[in-house]
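Asks:
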Amino acid sequence: MRGLRKVLALCVALPWLQLTCAQTQEVICSGTQNALSVTGSSQTQYTLMKEMYSGCEIVMGNLEITMMEHWRDFTFLQSIREVTGYILIAINQFSRLPLDQLRVIRGTTLYEERFALAVLVNYQKDGQHGLKELGLTHLTEILEGGVQIIQNKFLSYTPQVNWLDIVKDGDSEVIINENGPEQPCDEACGGPCWGPRNDTCQSLCAPQCNGRCFGRSPSECCHMECAGGCTGPLDTDCFACRNFNNSGSCVPQCPQTLIYNKHTFKLEPNPSAKYQYSSICVAQCPSESTHSMLSPLPLTSQLLVITMTIIMVQTSSNFVVDGSSCVSSCPSYKTEMEKKGVKRCEPCGGLCPKACQGTGTASRQTVDSQNIDSFINCTKIQGSLHFLVTGIKGDPYNNITALDPEKLKIFRTVREITDVLSIQSWPENLTDLSVFSNLGTIQGRTLYSQCTQRRTEASCPPATPWCYPTEGYAMLVMRIPSLTYLGLRSLQSINDGGVYITGNRKLCYHHTVNWTRLFSSSSRPQRHQKNIDVKDNRPQSQCVAEGHMCDPLCSSEGCWGPGPDQCLSCKNYSRGGTCVNQCRFLTGSGREFTSPKGECMPCHSECEVQEGQPTCIGLGANECVVCASLRDGPHCVSSCPEGVMGEKGLIFKYPNQQRRCEPCHLNCTQGCSGPGIGDCLDSTRLTDGQSITGIVLGVLAAVIVGFSIFVMSVLYRRGLAIRRKRAMRRYLESGESFEPLDPGEKVVKVHARILKVTELRKIKLLGTGVFGSVHKGIWIPEGDSVKIPVAIKTIHDRMGQNTFHEITEHMMVMGSLDHQYIVRLLGVCPGASLQLVTQLSNQGSLLEHIRRHRDSLDPQRLLNWCVQIAKVRYRVCVCVCVCVCDCVCDRGMCALPCQGMYYLQEHMMVHRNLAARNVLLKSDYMVQISDYGITDLLYPDDKKYFYNEVKTAIKWMALESILFRRYTHQSDVWSYGVTVWEMMSYGVEPYSAMCPQEVPDLLEKGERLSQPPICTIDVYMVMVKCE
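Mature numbering (1 follows the signal peptide of the UniProt record, and there is no 0) puts the sequence shown at residues -22 to -1, 1 to 1005.
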């Protein structure tokens, strides 16, 4: 049964001391991980629980009590003082839980990943039995996790408990509902309580105490490292430790393995180092060969604390050391290695052997078709491997299909299993377990236990079954009808636990195996024959009669199956895992020698093959009897060393007549052919000089080639940039004309084109306006790689669907305009929403710029902008220059040809929507007019133009445009005057205090915009004349 404890407080079993577990005081025990699932009857569960927790003080894991009747006696739980995991009390009928000595729940694992204490549905349906009292009168701390107490029909006092004083994690939940009616505490308690009596009062500390206390006074606080209370203020007075117990003292961490030496400024080994094992500091990590006795020791404060006495039999192979902690397995980036008799987690030299999670948990009970791919390339299984019928044949209830037998070959890479190999189902077409042919070790750190049903007249009524846990098993093979032999040819060690092979009616060869040979030297010395439970398989006589016997080359240790490669050990020698009669000592190709383990190993390649005698006596080049080429000292080599760095400089040697390498004269610096100074090789200097010359020339050639490639790449990139710039200039400046629609039509040079939707990419929304939105984007002309930054104006509200011909005609007019003070139209993209593509002005609108920089703008720049927007025909620019700023005229600003609005007038284009918001800033000294002609494109029929707050800008419109829908160049002059007023007012909205509907009446009365503060009367009169 899974989930049974591995008792750390075991019997001290020495050959001269025969004590049973019943005679040993058990203090530490392991918990379970079953949650609400059970195996076996209620009596079986109770018996196992009693065996596990009788006399136990610390539960290393979870305490789970489920589905127990009301007449069960749980007084054996009274000794428990600490639980490291969670406590689950569910679906029981007893009235009281006798955990009076429990002080701390650590919550290292949580029920449903949320609760350290869960009390659920503890009452008898349609009966009077159920949980009435928790009995946790000394529980003072839950370090991690929350509390869930629900649906306990007779439990009435849980709301009276001050759970916030117990639960230390402020983020954890405390859920208490659907229990019995709330009952008052005894008057003697004067506050919270666990039950109705005066001995069930909850102990609370003074608010000044950060942790627990040993009295109600603010000066009677426990040490900060205490958990669960104390008997005094010292760290040795604690009932339990918040972090670690170091020989009776509660400490924040165990003594580290390395300490700093302030004299040598180095980290040195700490002779007093200890390892973290759960909440205890231990001098050595527990192993399967570690037999521990944990006993309470009275201190000066009469406190019971835990110390650990460990008697080690041999090496540790259950827990391994990782840094300063005892861990059950190494992390993925480390591998398990043994140093000085202790197994440690060490960083991998290269790629780590792949360790994979085993099966046996609630979500991963067996190997099946859904999880088998997770074992690909695994060399080590962290945990167990279970093969159950629901995994092999499938589980329709959980939509798991049958396992493909070919998939089991994945396990050929597995070399180690840390817990158990349990095979209780197997594909019918597989007759062996050869998929585990490379499995060498089963650690057995957690064992598979079963219960044996017996009757005891002394302790139980007649005919009452009593189940007791037997010794655990590390390997189980049971009831596999197709199995004929095991085939575990590489299995050499089972470190702990026994073997259970039974019910395999076709299985042979198992009776030949010497099972005791597999148990490592670190196994328990009290292991008995009952651990080797091999029975009810095919009778040995039938196997022998049919010739199912070990190969003659196998030794008396037995075999795993037929053939010389299935032997546990060989009678003579082995080669590559297969037993052979003789190694190739004297004959054959590829001469060999034998290792201490009887393996045939090949000689070194520099050994000369000998006839009639061994070629080598060992593995290396120094073990050859005769060298095939040369001998340098004890080693056979293919050539003598030349220029090898030694302790006193470079070493040069030459071969003598006996094919031995001898040193050259000390003055020879380039090698030699003999021992004398005259044998030094002078020609080597020339050779080396030629070599150096060749190297220099090669380096120079490489530099020249590299520099050439660099220059060519720079020129290529520059040419590419020039081509792109020319292409961009071609699209932005020169444009391309459309084909004439009719041979008789007047040719008009059009700088815009009709674009496809695929040529445009919108990047960022710049703003929205009356007629649509404006995006920053890029235009990628079809068939070209140039990317042109553009502004894309999307018209969302087209009143009336213009035909493609009408759009084209209007676009030809707009696209033919090309002036430095207007934003040129590059193209039109018709569709569901009309898109106009124009040049991109990164500095935004003139209105935003004026508002943002009103404190730094000088009047001359404002006048320059006014001149650029103006049209000369109505002498606006001349008036501005003469009346206001002669210096502007002196600089020729009024002499600019065809500026702004005048250029539009010449081309018979009425803007209709001139305002500072529709003037874009190309640079600090140049503006451009935008959105000209858009109203014509949108509303070709003036009757369809609506005058309201949404669709028109009445405050900028001339009176005839408002009243009669009449747009002329004179109405654009009016809008220009308002625009100039906007600029001189630093972006103030015209008639800002009035509604648009009131503006026509104001204009009919002769009222005009007021004089801006920065304007002289002359400039203001120019604006009035425009209006």
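The C-beta atom is built at its ideal place from N, Cα and C for all residues, glycine as well.
Distance, Cα to Cα, leucine 744 vs serine 823?
Replies: 11 Å
Asks: Going by C-alpha distance, which of Thr118, Pro137, Gln948, Arg483 is nearest alanine 848?
Replies: Comparing Cα positions, the closest option is Gln948.
Asks: Quick test of the definition: if touching needs 3 or more C-beta pairs under 8 Å, does the region 185 to 195 touch the region 154 to 171?
Replies: no
Asks: Is it right to say isoleucine 995 is buried, meaning 16 or more other beta carbons lie within 10 angstroms of its own, or is it exposed?
Replies: exposed
Asks: Which of the three DSSP states is assigned to threonine 746 in this structure?
Replies: In this structure, threonine 746 counts as strand in the three-state DSSP scheme.
Asks: Would you kindly work out how many angstroms separate the C-alpha atoms of tyrosine 880 and aspartate 762, rounded to a whole number?
Replies: Each residue's alpha carbon lies about 36 Å from the other.
Asks: Using a 10 Å radius around the Cβ and a threshold of 16 neighbouring Cβ atoms, would you call valine 299 buried or exposed?
Replies: buried
Asks: When the Cα of cysteine 594 is compared with those of Arg569, Pro612, Val615, which residue comes out closest?
Replies: Check the Cα spacing between cysteine 594 and each of Arg569, Pro612, Val615: the tightest is with Arg569.
Asks: Output the residue ranges of the beta strand (DSSP E) runs that lie fully inside the region 197 to 253 and measure 3 residues or longer, sorted by chain position.
Replies: 204 to 208, 216 to 219, 222 to 224, 227 to 229, 236 to 239, 244 to 247
Asks: Please report the Cβ distance between leucine 80 and glutamine 129, rounded to the nearest whole angstrom; I am assuming they are in contact, meaning their Cβ atoms lie under 8 Å.
Replies: With a Cβ gap of about 22 Å, leucine 80 and glutamine 129 do not count as contacting.
Asks: What number of angstroms, rounded off, separates the C-alpha of methionine 623 from the C-alpha of isoleucine 629?
Replies: 6 Å
Asks: Start and end of the beta strand (DSSP E) containing lysine 28?
Replies: That residue, lysine 28, is in no beta strand (DSSP E); its alpha helix (DSSP H) goes 20 to 31.
Asks: Comparing alpha-carbon positions, which option in Gly361, Cys585, Arg342 lies nearest serine 306?
Replies: Gly361
Asks: How should glutamine 846 be labelled, buried or exposed, when 16 other C-beta atoms within 10 angstroms of its C-beta is the threshold for buried?
Replies: Label assigned to glutamine 846: buried.
Asks: Among Leu366, Arg829, Gln817, which one has its Cα closest to the Cα of histidine 797?
Replies: Closest by C-alpha distance to histidine 797, out of Leu366, Arg829, Gln817, is Gln817.
Asks: Would you tell me roughly how many angstroms separate the C-alpha atoms of glutamine 431 and glycine 18, rounded to the nearest one?
Replies: In this prediction, glutamine 431 scores a pLDDT of 37, lower than 50, which makes its location untrustworthy; the coordinate-derived value is nonetheless stated afterwards. One C-alpha to the other measures close to 11 Å.
Asks: Should valine 674 be labelled buried (16 or more other beta-carbon atoms within 10 Å of its own) or exposed?
Replies: exposed
Asks: Could you give the DSSP three-state label for tryptophan 404: helix, strand or coil?
Replies: coil
Asks: Where does lysine 387 fall in DSSP's three states?
Replies: Reduced to three states, the DSSP call for lysine 387 is helix.
Asks: Just the C-alpha distance for tryptophan 49 and lysine 358, rounded to the nearest angstrom, thanks.
Replies: About 47 Å.
Asks: With a threshold of 6 Å on Cβ separation, who are the neighbours of residue 1028 within its own chain once the five nearest residues in sequence on each side are excluded?
Replies: With the chain running from -22 to 1005 in the structure shown, residue 1028 is simply not present.
Asks: Helix, strand or coil: which one does DSSP assign to alanine 94?
Replies: Alanine 94: strand per DSSP, three-state reduction.
Asks: Where does aspartate 149 fall in DSSP's three states?
Replies: coil
Asks: What residues in its chain sit with their C-beta under 8 Å from that of glutamine 560, if we drop five residues either side in the sequence?
Replies: Asn550, Tyr551
Asks: In the DSSP assignment, the beta strand (DSSP E) including cysteine 259 goes from what residue to what residue?
Replies: Residues 258 to 260.
Asks: Beta-carbon of threonine 946 versus every beta-carbon of chain C: anything under 7 Å?
Replies: Absent from the structure is chain C; it holds one protein chain and no more.
Asks: Is aspartate 397 near the ligand ATP - that is, is its Cβ less than 6 Å away from at least one heavy atom of it?
Replies: In terms of ligand content, the structure shown is empty, and the ligand ATP therefore cannot be addressed.
Asks: Cα separation between methionine 202 and aspartate 149?
Replies: Taking the straight line joining both Cα atoms gives about 21 Å.
Asks: Compute the beta-carbon to beta-carbon distance between asparagine 221 and glutamine 180, rounded to the nearest angstrom, for a pair I have assumed lies under 8 Å.
Replies: Going by Cβ atoms, the distance from asparagine 221 to glutamine 180 rounds to 25 Å, so no, they are not a contact pair.
Asks: With contact counted as at least three CB pairs below 8 Å, one residue from each stretch, are the region 820 to 834 and the region 954 to 965 in contact?
Replies: yes
Asks: In terms of DSSP beta bridges, what is proline 325 paired with?
Replies: In the DSSP output, where bridge partners are listed per residue, proline 325 has Lys312.
Asks: Look at the alpha carbon of tyrosine 969 and the alpha carbon of leucine 840, and state the distance between them as a whole number of angstroms.
Replies: 21 Å
Asks: Taking buried to mean at least 16 other C-beta atoms within 10 Å of its own C-beta, is arginine 663 buried or exposed?
Replies: Residue placement at arginine 663 is flagged as unreliable, the pLDDT there being 48, under the threshold of 50; a coordinate-derived value is accordingly withheld.
Asks: Could you give the DSSP three-state label for tyrosine 945: helix, strand or coil?
Replies: Of the three classes helix, strand and coil, the one that applies to tyrosine 945 here is coil, per DSSP.
Asks: Quick check: what's the CA-CA separation for leucine 659 versus arginine 609?
Replies: 22 Å
Asks: To which residues of the same chain is aspartate 598 closer than 7 Å at the C-beta, ignoring the five residues directly before and after it?
Replies: Per the sequence shown, the amino acid found at residue 598 is glycine instead of aspartate. His582, listed in sequence order.
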